[in-house]
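Remarks on the structure that follows.
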Amino acid sequence: QALAALADPARTALVEPAAARSAPAWKTGTSNGRRDAWCVAASPRLVLVAWLGTVRGGGAEGLTGIDAAAPLALALAAALDPQPAGWDGALPAPPLAPPPAPALPPALVITDPAPGALVELDRDRPAAQQRLRLDSRGGSGERRWWYCDGIPLGEGRWCWWEPAPGRHHLAVADETGRAASVTVAVR
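Just so you know, we're using the working numbering here: the sequence shown kicks off at 1 and counts up by one.
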């Protein structure tokens, strides 16, 4: 209904008689201080925008959407879409439901260790015997890369890590750019 009102041939003929026969819907605008004037015109076959302004960005007398931009936009509409389209200003009805979004792979998640985990080392055992298995699920792609504090650890769905005392940022990224991270403390 709004487009039908904006496509009124009698209204159009007052500005550009040649455009009235193709009945484009059109709307104008003028910026504060008459710095810009614009008009948007639409029919079933085209949409065009005419914008006018001054070189220095200042206002100008007569620089309004209805006086400057509409005549240009409607003359272009008449020249580019000269045949009546039988359009009553109504657009096709939208589909009842949007098309389904493509399925995204599940988020990449570090499953072990848990975020905020506290890892306690045994001082009586060598560090090589206290490795932790870092594991992940989700994401996409076959390849994954593991990091500890930004330093590469290895590649695979899971990876071994020799923890050292302190706080550490563990991260994994897959070949599609998905990533996950956790922070753990080791003492």
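Ideal Cβ placement from N, Cα and C applies to all residues, glycine included.
Would you verify that the beta carbon of residue i is, or is not, closer than 8 Å to some beta carbon of chain C?
i: A4; result: No chain C appears in this structure, which consists of one protein chain only.
Is residue i helix, strand or coil by DSSP?
i: R11; result: helix
i: L3; result: helix
i: P71; result: helix
i: L46; result: coil
i: L104; result: coil
i: L121; result: coil
i: A25; result: strand
i: A97; result: coil
Do residue j and residue i have their beta-carbon atoms positioned less than 8 Å apart in this structure?
i: W158; j: S136; result: yes
i: W26; j: A97; result: no
i: I110; j: V186; result: no
i: A2; j: R34; result: no
i: A77; j: P44; result: no
i: L132; j: W146; result: no
i: D174; j: R144; result: yes
i: E237; j: A68; result: Outside the displayed range of the chain (1 to 187) lies residue 237, so it cannot be described from this structure.
i: P152; j: V119; result: no
From which residue to which residue does the alpha helix (DSSP H) around residue i run?
i: A19; result: 17-20
Provide the residue span of the beta strand (DSSP E) that contains residue i, from first to last.
i: V182; result: 179-186
i: D112; result: 109-112
i: G116; result: Per DSSP, G116 belongs to no beta strand (DSSP E) and is neither H nor E.
i: G59; result: That residue, G59, is in no beta strand (DSSP E); it is neither H nor E in DSSP.
Please classify residue i as buried or exposed, where buried requires at least 16 other C-beta atoms within 10 Å of its C-beta.
i: T12; result: buried
i: G139; result: buried
i: G65; result: buried
i: D122; result: exposed
i: R178; result: buried
Tell me the start and end of each unbroken beta strand (DSSP E) in the stretch 127-174 that is at least 3 residues and wholly inside, in chain order.
-> 132-137, 144-148, 151-155, 158-161, 166-174
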